[in-house]
Each structure stands twice: as C-alpha cells, then as structure tokens.
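This note's numbering numbers the first residue of the sequence shown as 173 and each following residue consecutively. Ideal placement from N, C-alpha and C gives every residue a C-beta, glycine not left out.
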Amino acid sequence: MAIRRIVKEGDPILRMKCRPVTEFGEKLNQLLDDMHETLEQANGVGLAAPQVGYCRRFFIMHLGDVKIEAINPEIKKTSGKQYVLEGCLSVPNKWGYVTRPNKCKFRAQNRKGEWYEMTLSGLGAQCVCHENAHLDGQLFIDVVEEFVDPEDLEEA
Numbered sequence: 173m174a175i176r177r178i179v180k181e182g183d184p185i186l187r188m189k190c191r192p193v194t195e196f197g198e199k200l201n202q203l204l205d206d207m208h209e210t211l212e213q214a215n216g217v218g219l220a221a222p223q224v225g226y227c228r229r230f231f232i233m234h235l236g237d238v239k240i241e242a243i244n245p246e247i248k249k250t251s252g253k254q255y256v257l258e259g260c261l262s263v264p265n266k267w268g269y270v271t272r273p274n275k276c277k278f279r280a281q282n283r284k285g286e287w288y289e290m291t292l293s294g295l296g297a298q299c300v301c302h303e304n305a306h307l308d309g310q311l312f313i314d315v316v317e318e319f320v321d322p323e324d325l326e327e328a
C-alpha cells in the first residue's frame with residue numbers, strides 16, 4: 173500500500189463529472205487499499221477517487237471501525253436535515269456549516285462488483301452526500317451557508 177497525494181482545490185479534476193467504474197480487479201483493489209491508507213494518515217472520514225487524481229465514480233469512508241467502499245454509488249432516498257460543520261481534505265483550512273440530509277439510503281458496488289444497499293444516518297449520511305458530490309465535481313464550499321474561522325474551532 174502507498175500514501176497517495178491528495179489533490180487540492182484549484183485542480184480541474186475536482187470539478188469534473190466522474191465516469192463509472194467498469195473494470196473490477198487488481199488495479200482497483202490497489203487504489204482502494206492506497207486510499208484507505210491515505211485517509212487514515214490524513215485523519216479524515218471520507219475520500220473520493222478524484223481527490224487522489226482518478227476521475228471515476230467511487231469513494232471510501234471510515235466511520236469509526238467501519239470501513240465502507242462505494243463504487244458507482246447511487247443515492248436512492250434521503251430524509252431529514254442536519255446543519256453540520258464540514259471541512260475537506262482537498263480544501264485545507266476552510267470550514268463551514270452546510271445542511272445535509274440526516275438519513276441517506278444508497279446503492280453501490282463493492283470491490284468485487286457486487287451491488288449492495290445501505291442506509292446511514294448522522295455523520296454517515298453527511299459523509300455519503302459529501303463524497304458523492306465530489307463525483308459530480310462539487311465541493312462543500314459550493315454549498316456552505318456560513319464559513320467558520322479555523323482559529324475559532326481551535327478555541328472550542
């Protein structure tokens with residue numbers, strides 16, 4: 173496994189609509205493994221393929237001890253609202269409040285290409301929506317309702 177470079181705001185790949193994954197195999201598995209290691213080292217919650225330079229529709233999430241891989245994800249249903257603080261590994265030192273669904277049901281493939289469905293709430297729903305937006309070229313700063321000074325976060 174290897175640590176991948178996280179693409180930063182301003183790189184055009186972050187604004188591109190990603191293409192579906194059509195080949196499942198060792199190359200994808202290696203990239204997923206590298207992304208897990210990269211996410212752990214960065215102390216993040218989620219990481220989408222364009223954030224490591226691949227214009228493909230997949231992301232990973234680390235929700236506590238649960239590691240999720242969502243390939244070709246489709247959000248099926250959302251409900252409720254939560255006003256939450258967000259940041260992004262591709263947009264360092266910017267934080268802000270966004271409104272996200274409180275519950276999210278999505279369908280995706282695993283690394284073997286098998287389809288599954290999952291429903292998450294709270295942080296999980298927030299993360300699915302944040303990472304899925306990356307696959308359509310959207311960053312959290314596009315939907316921020318109120319930016320927060322990072323120094324104010326350190327004092328809290």
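Annotation: M233 to D324 spans about 27 Å, alpha carbon to alpha carbon. For W287, the closest C-alpha among the options V193, K189, A174 is that of V193. In the same chain as A214, and ignoring 5 residues on each side of it, the C-beta atoms closer than 7 Å to its own belong to I178, L261, in chain order. Between V238 and V256, the C-beta spacing is not below 8 Å. D321 has its alpha-carbon roughly 33 Å from the corresponding atom of F278. Using a Cβ distance threshold of 8 Å, E209 and A174 count as a contacting pair. Closest in alpha carbon position to L186, among V316, M290, N304, L295, is N304. R272 is the residue among R272, M188, R283 whose C-alpha sits nearest the C-alpha of T250. Approximately 6 Å separates the beta-carbon atoms of H302 and E258; this is inside 8 Å, confirming the contact. For the 8 Å CB-CB criterion, Y226 and L211 do not form a contact. Judged by their CB atoms, V263 and E181 are nearer to each other than the 8 Å cut-off. Between E289 and L200, the alpha-carbon positions lie close to 20 Å from each other. The beta carbon of P245 is closer than 6 Å to those of F278, A280, N304 in its chain, skipping five residues each way along the sequence. Between R229 and C190, the C-beta gap is smaller than 8 Å, which places the two residues in contact.
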